[in-house]
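By the working numbering, the letter at position 320 of the sequence shown is numbered 524, and the numbering carries on one by one without gaps. First up is the structure itself, then whatever we jot down about it.
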Amino acid sequence: MSYDDALTKVFDASHTKVLENKELALYCNADSPLFEQAEQYFARLKSLKTEIFSSKINYRNQVVDDSLRIIDAFKPELSISTKDVKEEQKPFIKDHYFDVLNKLNNALKIANFNLELFSKFNFFHNNIVAIGANGSGKSTLSAKLKEYLPKSAMTISAQKLLIIPVFKNVTNPIDTTKDLQESQSHEKSTRFKSVSDSNYSPETDVIKNEFKVLLNNLLSENNTLNNKYVQSVRNGENCSVPESKLIKAIEIWNSLIEHRVLECSDGININLKALTSEDSYPAYQMSDGEKVVLYYIAHVLQAPQDGFIIVDEPEIYLHKTLLSKLWDILETEREDCIFVYLTHDLEFATSRNTAKKVWIKSFNHPDKWEIENIPSNELPEALLLKLLGSRKRILFCESESGKIDEKIYNILLPNFTITPVKTCFDVINYTKAFNELPNKTAESFGLIDSDHHDPDRLLSLQAQNVFSLNVSEVENLLFDEGFLRDFSRQMMCNGDVVSTIKRAVIEKLSNTKELQVANYISAKINYYFKSSHVSKGNTRDEVKNHYSHFTDNINIDKWHDTREIELQDIIDSQDYDRALFVINDKGLKTIANRNFNIGNFQEKALNYLQFNRDSHQHLLKHLPSELTAG
């Protein structure tokens with residue numbers, strides 16, 4: 205019989221057992237909604253057979269455990285059918301089911317929790333990364349998983365209080381294994397940073413001794429294997445040198461930590477020595493980071509076979525250079541296990557390339573989590589993970605992180621999560637992709653420059669929540685006339701300085717007119733090239749068609765003459781507002797520096813903008829009303 209056939213048999217037998225007990229309980233006036241819930245549970249298992257049967261054996265074993273726990277609730281079994289029940293027996297049978305229902309309720313609670321949660325985890329076809337902000341219940345979920353996966357789960361909490369003892373002897377392996385199992389049975393979500401931590405509880409000693417338990421079991425297993433090997437050699441048997449979990453742990457640690465060597469030459473105590481010296485020192489003198497690495501390795505190597513390794517905040521207390529490499533190695537070493545990472549570190553989350561990502565959206569005490577799958581779409585995974593939990597509206601803009609664009613928008617639009625991306629095409633695509641996400645908590649908008657887009661194109665983009673600035677580039681916002689006059693008063697400049705700056709900007713446009721026209725045409729060609737899909741042709745004919753469409757839309761001479769006439773009209777009319785709409789020149793700040801007699805106009809202007817809310821009105825008028833309303 206195959207494993208799947210055996211699993212089907214368990215489901216069917218369990219379902220039948222529930223129906224039989226339901227019938228008997230009803231006959232004896234001991235009916236309960238719990239029987240219906242149990243029936244529904246097994247019916248759902250049958251409907252999910254394909255998903256369950258294709259999952260790793262870890263999860264299938266857990267389904268069997270959950271099913272048998274439900275059936276065990278009916279024990280001791282009543283070997284009697286309804287037709288054989290006498291009237292005087294009914295009260296006794298009813299009392300029996302009173303006890304049954306208490307056990308059945310607990311069993312169903314665990315089984316339904318696991319089934320609901322694990323369905324969100326894609327039935328563990330892959331490792332899992334659950335991303336959640338602080339306060340989203342990650343540590344509580346870790347404890348709950350340990351409670352509901354008692355046989356197969358190992359939880360690893362984020363602890364800095366790691367005490368490595370000095371061992372005087374090697375303990376019996378039966379005792380060390382028992383200690384390890386008992387240590388794992390304790391709830392370990394509390395973190396301790398020092399011995400004097402005010403959060404002391406009865407669990408404190410368990411957590412403080414956890415490292416001792418882990419290392420003691422490694423030493424015991426290593427000693428047992430070595431003794432067996434020596435005895436086999438003495439008996440003349442041909443056998444290979446055993447590799448214990450301790451030796452493997454040391455090997456992994458040494459591959460990660462430079463300039464130091466971990467060793468256990470006496471089989472009792474773990475020591476370190478520098479590569480440049482023969483002098484050694486005890487492991488308890490290791491740095492906190494070095495201890496954490498050994499702590500994780502020792503945990504993972506001793507996890508149950510085909511089990512679940514639940515890691516609460518795997519990034520805590522680990523250097524970034526070691527983080528991904530360590531977990532890559534440990535996942536490879538324990539391919540039989542399923543890793544469940546609970547983290548808020550987006551960089552670590554994206555490093556788990558093959559893991560399924562889920563989002564812990566919210567948590568309601570004591571055991572209600574809202575968990576959403578993270579879909580695949582055009583948004584880069586790291587960016588998607590960053591934005592999912594935002595309660596503010598999202599604004600994608602053309603910029604780079606830390607640039608002036610982002611700083612200005614953060615000041616002017618505090619109710620938005622400002623998200624800089626590289627190009628206008630990224631703005632358009634990401635805005636659309638985010639708004640198509642199911643169960644998102646916020647709406648996204650896009651903001652692009654406008655001067656090389658056709659008006660019809662800009663109008664059509666508004667239906668996708670993408671809008672344009674009323675200036676050529678965001679730096680030009682700081683050259684708004686009203687803002688300059690407010691700023692000049694702050695700088696105690698005379699009233700002529702703004703007029704001088706305006707004339708200088710127009711003069712700059714005049715002196716660079718041909719360059720401005722050429723840059724405009726180049727930007728326009730680049731836009732048409734990308735929108736033509738020339739680079740996306742899959743066949744020769746597709747490439748030719750895309751190229752033809754591209755060239756048909758290019759009219760350099762016409763664009764040049766039209767733009768030149770437009771710029772000349774602005775220059776002749778001294779139309780300052782229109783000049784800000786068309787001029788694209790990072791050198792404008794030099795004009796401001798010279799006339800205000802300062803060397804950092806943008807920095808001082810941003811500072812003024814931040815602390816003078818009345819000045820915002822001047823800049824906000826250049827932004828689309830869809831962003832500034834409310």
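Glycine is no exception: its CB is placed at the ideal position from the N, C-alpha and C atoms. Please read these numbers as outputs of a predicted model, since none were measured by experiment.
Limits of the unbroken beta strand (DSSP E) element including residue i
i           : result
residue 486 : 484-486
residue 545 : 542-547
residue 749 : Per DSSP, residue 749 belongs to no beta strand (DSSP E); it is in the alpha helix (DSSP H), 744-756.
residue 466 : 464-467
residue 671 : 670-672
residue 475 : 475-478
residue 832 : Looking at the DSSP string, residue 832 is not in any beta strand (DSSP E); the run it does join, the alpha helix (DSSP H), is 829-832.
Residue range of the alpha helix (DSSP H) that includes residue i
i           : result
residue 424 : 414-438
residue 628 : 628-639
residue 347 : 342-352
residue 796 : 792-800
residue 212 : 207-231
residue 766 : 760-777
residue 662 : 659-666
residue 339 : Unbroken run through residue 339: none, as it is neither H nor E.
residue 536 : 524-537
residue 686 : 685-694
residue 254 : 253-257
residue 310 : 294-324
residue 491 : Element bounds for residue 491: n/a, residue is neither H nor E.
residue 780 : 780-786
residue 592 : 585-592
residue 613 : 608-616
residue 263 : 261-276
Close-in-space but distant-in-sequence residues of the same chain around residue i (CB under 7 Å, 5 per side omitted)
i           : result
residue 404 : Confidence is the limiting factor: at residue 404 the pLDDT is only 45, short of 50, which leaves the residue's position unreliable, though a coordinate-based value still follows. Within the same chain, residue 404 has no close Cβ partners at all.
residue 314 : 270, 273, 352
residue 277 : 304, 307, 308, 311
residue 377 : 424, 425, 428
residue 209 : none
residue 688 : 702, 705
residue 531 : 518
8 Å CB neighbourhood of residue i in its chain, flanking five on each side removed
i           : result
residue 453 : 422, 498, 501, 502, 505
residue 317 : 348, 352, 571
residue 803 : 797
residue 263 : 256, 322, 327, 328, 542
residue 218 : 246, 271, 272, 274, 275
For residue i, the residue or residues it bridges with in DSSP
i           : result
residue 717 : DSSP output for residue 717 lists no bridge partner at all.
residue 600 : 623, 650
residue 334 : 546, 562
residue 516 : 546
residue 573 : 567
residue 360 : 515
Integer Cβ distance of residue i from residue j, believed to fall under 8 Å
i           : j           : result
residue 646 : residue 596 : 6 Å
residue 282 : residue 228 : 7 Å
residue 705 : residue 796 : 6 Å
residue 598 : residue 648 : 4 Å
residue 466 : residue 473 : In fact, because the Cβ distance is near 11 Å, the residues do not count as touching under 8 Å.
residue 668 : residue 636 : 5 Å
residue 260 : residue 542 : 6 Å
residue 345 : residue 573 : 6 Å
residue 324 : residue 562 : 6 Å
residue 335 : residue 456 : Actually they do not touch by this definition, with Cβ atoms about 26 Å apart.
Residue i beta carbon near the ligand SAM (any heavy atom closer than 8 Å)
i           : result
residue 504 : Questions concerning the ligand SAM fall outside what the structure shown contains, since it holds no ligand whatsoever.
Chain-order list of residues whose beta-carbon lies under 6 Å from that of residue i (same chain, five-residue window excluded)
i           : result
residue 545 : 333, 515, 518
residue 590 : 550
residue 767 : 721, 724
residue 479 : 463
residue 232 : 294, 297, 298
residue 399 : With a pLDDT of 43 at residue 399, under the threshold of 50, the modelled position of that residue is not reliable, and no figure is offered here.
residue 225 : 278
Residue-level contact to chain D via CB, residue i, 9 Å cutoff
i           : result
residue 455 : Although the question refers to chain D, the structure presented lacks it and comprises just one protein chain.
**Item:** Stretch-stretch touch, CB-based, cutoff 8 Å, three pairs: the stretch 290-304 with the stretch 241-250
**Value:** no
**Request:** Please confirm if the stretch 341-349 is in contact with the stretch 578-598, defined as three or more CB-CB distances below 8 Å between the two stretches.
**Result:** no
**Item:** Three-pair Cβ contact test at 8 Å for the stretch 521-533 versus the stretch 482-491
**Value:** no
**Asked** Between the stretch 432-445 and the stretch 378-386, do at least 3 Cβ pairs fall closer than 8 Å?
**Response** no
**Request:** Could you say if the stretch 821-833 and the stretch 745-755 meet the contact criterion of at least three C-beta pairs nearer than 8 Å?
**Result:** no
**Asked** Looking at C-beta atoms only, is the number of pairs between the stretch 779-795 and the stretch 676-687 that lie closer than 8 Å three or more?
**Response** yes
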